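Q: In the order they appear, the protein sequences are chains A and B.
Start counting the first sequence at 14; every next residue gets the next number (our numbering).
Start counting the second sequence at 125; every next residue gets the next number (our numbering).
Beta carbons: idealized from backbone N, C-alpha and C, even for Gly.
Every value quoted in this text rests on a predicted model; they were computed, and no experiment measured them.
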Amino acid sequence: MPKNHDVLFRTLADPTRRAIFERLCREGEQTVGALTARARVSQPAVSKHLGVLKQAGLVRDRQEGRQIHYSAQLSALAPLIDWTSRMAGFWESRFDKLEDLLKRMDQ
Amino acid sequence: MNTTTETRSVVVERDIRHPPEKLWRALTQPHLIEEWLMKNDFKAVVGHRFNLRGEWGGVLDCEVLEIEPNRTLSYTWNFAHDDPAYNMQSVVTFTLTPKGAGTHLRMEQAGFRPDQKQAFGGAKAGWEQFFTKLEQVVGRAQ
Numbered sequence: 014m015p016k017n018h019d020v021l022f023r024t025l026a027d028p029t030r031r032a033i034f035e036r037l038c039r040e041g042e043q044t045v046g047a048l049t050a051r052a053r054v055s056q057p058a059v060s061k062h063l064g065v066l067k068q069a070g071l072v073r074d075r076q077e078g079r080q081i082h083y084s085a086q087l088s089a090l091a092p093l094i095d096w097t098s099r100m101a102g103f104w105e106s107r108f109d110k111l112e113d114l115l116k117r118m119d120q
Numbered sequence: 125m126n127t128t129t130e131t132r133s134v135v136v137e138r139d140i141r142h143p144p145e146k147l148w149r150a151l152t153q154p155h156l157i158e159e160w161l162m163k164n165d166f167k168a169v170v171g172h173r174f175n176l177r178g179e180w181g182g183v184l185d186c187e188v189l190e191i192e193p194n195r196t197l198s199y200t201w202n203f204a205h206d207d208p209a210y211n212m213q214s215v216v217t218f219t220l221t222p223k224g225a226g227t228h229l230r231m232e233q234a235g236f237r238p239d240q241k242q243a244f245g246g247a248k249a250g251w252e253q254f255f256t257k258l259e260q261v262v263g264r265a266q
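#1: At which residue ranges does the segment 133-212 of chain B contain complete beta strand (DSSP E) runs of 3 or more residues, listed in the order of the chain?
#2: So A85 (chain A) contacts chain B; which residues on that side make the cut at Cβ distance below 9 angstroms?
#3: Should A50 (chain A) go down as buried or exposed, given a rule of 16 or more other Cβ atoms within 10 Å for buried?
#4: Kindly indicate which three-state DSSP category W71 (chain A) falls into: helix, strand or coil?
#5: Once you ignore the five residues that flank E232 (chain B) on each side, which residues in its own chain have a CB closer than 6 angstroms to its CB?
#6: Taking Cβ positions, are G226 (chain B) and I140 (chain B) nearer each other than 7 angstroms?
#7: Whole angstroms is fine: what's the gap from L184 (chain B)'s alpha carbon to E192 (chain B)'s?
#8: Mind pulling the chain B residues with CB within less than 7 angstroms of L48 (chain A)?
#9: If we count the other Cβ atoms within 10 Å of its Cβ and call it buried at 16 or more, is S198 (chain B) buried or exposed?
#10: Please report whether the beta-carbon of W160 (chain B) lies at a distance below 7 angstroms from any beta-carbon of chain A.
#11: Please report how far the alpha carbon of R73 (chain A) lies from the alpha carbon of A101 (chain A), in whole angstroms.
#12: Distance cutoff 7 angstroms, beta carbons only. Does A101 (chain A) sit that close to anything in chain B?
#13: Give the residues from the segment 22-34 of chain A that approach chain B closer than 8 angstroms (Cβ to any Cβ), ordered along the chain.
#14: What residues of chain B sit near T97 (chain A), judged by a beta carbon separation below 9 angstroms?
#15: Does L66 (chain A) get closer than 7 angstroms to chain B when you measure Cβ to Cβ?
#16: Figure out for me which residue from A:G64, A:G46, A:E105 has the closest Cα to the Cα of Q56 (chain A).
#17: Between which residues of its own chain and A89 (chain A) is the CB-CB distance below 6 angstroms, once the five residues before and five after are set aside?
#18: Skipping 5 residues on each side, what residues in its chain have a beta carbon closer than 8 angstroms to that of T29 (chain A)?
#19: Quick one: does R138 (chain B) have its CB under 7 angstroms from some CB of chain A?
#20: Check for me: the beta strand (DSSP E) holding A85 (chain A) runs from which residue to which?
#21: Short of 7 angstroms Cβ to Cβ, which residues in the segment 159-189 of chain B face chain A?
#22: Under 7 angstroms Cβ-Cβ, which residues of chain B neighbour R36 (chain A)?
#23: R31 (chain A): buried (16+ other C-beta within 10 angstroms of its C-beta) or exposed?
#24: Do you know whose CA, among A:G78, A:S84, A:Q80, lies nearest E35 (chain A)'s CA?
Here it is as structure tokens:
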């Protein structure tokens with residue numbers, strides 16, 4: 014799979030980080046404080062997750078006064094939503110299983 | 125109504141260290157297909173209609189289009205879904221070419237499906253499903 018897929022998969026594989034991202038998708042722009050209030054982790058942990066999401070291009074931040082507001086960047090998911098990329102990933106993983114099976118068929 | 129359609133295809137190729145005859149068995153015997161692809165009621169008969177059942181609960185409607193033993197296998201791969209972003213009509217073709225002691229395997233999936241724009245923007249209902257699928261992919265990758 015192309016590199017940008019790996020980054021997206023790795024970024025979203027963490028359940029806490031994914032929950033933060035999903036909330037931004039569902040509810041729109043929010044501050045770290047608002048996100049922390051409903052996360053089961055500390056504010057520094059939420060900030061760290063937001064940093065990782067930002068690096069992957071999945072969120073964008075915007076300073077307003079003392080507050081930083083975060084919003085989801087759905088366009089960053091385009092490579093995953095794209096049908097051809099999704100199916101290519103699917104077949105690659107199935108071919109791995111196929112090769113495992115062929116090895117076992119030797120016995 | 126926007127009726128834009130688009131044809132796309134995915135090609136995945138791999139050199140397999142096993143002869144075509146053996147690979148053919150893995151591609152055409154139901155109990156073997158199940159081991160690497162999905163549960164199925166496949167029969168190597170042109171015109172045979174069958175289902176592939178994914179572990180996520182999805183069912184694909186398929187029909188055998190072409191069979192040339194040890195060389196070519198082709199079937200339709202259709203997935204009906206209310207959300208057009210997941211709806212899919214496609215044809216999967218496996219081509220086996222002997223290469224040394226092994227086989228060059230080529231899979232082409234040619235898809236014919238509606239424009240995908242609906243997956244973006246306001247279509248938030250699809251997110252949950254999308255993440256479920258993503259989790260499965262990530263799970264497999266580990």
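A: From the atom records:
#1: 173-177, 183-192, 196-203
#2: Looking up residue 85 (chain A) in the first sequence gives position 72. Going along chain B, no residue has its Cβ under 9 angstroms from A85 (chain A), so there is no contact; the nearest lies around 10 angstroms.
#3: Reading the first sequence from its first residue, position 37 is the one you call residue 50 (chain A). A50 (chain A) comes out exposed.
#4: Your numbering for residue 71 (chain A) matches position 58 in the first sequence. The sequence shown places Leu at residue 71 (chain A), not Trp. Reduced to three states, the DSSP call for L71 (chain A) is coil.
#5: Residue 232 (chain B) sits at position 108 when you count from the first residue of the second sequence. S133, V135, T217.
#6: As a first step, residue 226 (chain B) must be located in the second sequence, where it is residue number 102. As a first step, residue 140 (chain B) must be located in the second sequence, where it is residue number 16. In this structure, I140 (chain B) lies closer than 7 angstroms to G226 (chain B) by Cβ.
#7: Taking the second sequence and counting its residues from 1, the one referred to as residue 184 (chain B) is at position 60. Taking the second sequence and counting its residues from 1, the one referred to as residue 192 (chain B) is at position 68. Between L184 (chain B) and E192 (chain B), the C-alpha separation is close to 23 angstroms.
#8: On the first sequence, residue 48 (chain A) is found 35 positions in, with the first residue counted as 1. What L48 (chain A) touches in chain B: nothing, since even the nearest Cβ is about 17 angstroms away.
#9: Looking up residue 198 (chain B) in the second sequence gives position 74. Flag for S198 (chain B) reads buried.
#10: Here residue 160 (chain B) corresponds to residue number 36 of the second sequence, with the count starting at 1. Taking Cβ atoms only, chain A reaches closer than 7 angstroms to W160 (chain B), which makes this a yes.
#11: Here residue 73 (chain A) refers to the residue found at position 60 of the first sequence. Here residue 101 (chain A) refers to the residue found at position 88 of the first sequence. Roughly 29 angstroms between the two C-alpha positions.
#12: In the first sequence, the residue the question calls residue 101 (chain A) occupies position 88. Interface residue, yes.
#13: F22, L25, A26, R31
#14: One-based indexing of the first sequence puts residue 97 (chain A) at position 84. Within chain B, the residues near T97 (chain A) are R132, S133, V134, Q233, G235.
#15: Walking along the first sequence from the start, residue 66 (chain A) turns up at place 53. No - not a single Cβ of chain B is within 7 angstroms of the one on L66 (chain A).
#16: Translated into positions along the first sequence, residue 56 (chain A) becomes position 43. Of the candidates A:G64, A:G46, A:E105, the one whose C-alpha sits nearest the C-alpha of Q56 (chain A) is A:G46.
#17: On the first sequence, residue 89 (chain A) is found 76 positions in, with the first residue counted as 1. Excluding residues within five positions, the ones whose Cβ falls inside 6 angstroms are G70, L71.
#18: On the first sequence, residue 29 (chain A) is found 16 positions in, with the first residue counted as 1. Around T29 (chain A): A52, R53, V54, A58, H62.
#19: Along the second sequence, one-based indexing puts residue 138 (chain B) at 14. At least one chain A Cβ lies under 7 angstroms of R138 (chain B).
#20: Start at 1 with the first residue of the first sequence, and residue 85 (chain A) comes out as number 72. First-last of the beta strand (DSSP E) with A85 (chain A): 80-85.
#21: E159, W160, L161
#22: The residue given as residue 36 (chain A) occupies position 23 in the first sequence. In chain order: nothing, as chain B lies at least about 11 angstroms away.
#23: For the purposes of this step, residue 31 (chain A) is identified with residue 18 of the first sequence, where counting begins at 1. With 16 or more Cβ atoms within 10 Å of its Cβ, R31 (chain A) is classed as buried.
#24: Taking the first sequence and counting its residues from 1, the one referred to as residue 35 (chain A) is at position 22. Cα-wise, what sits closest to E35 (chain A) is A:S84.
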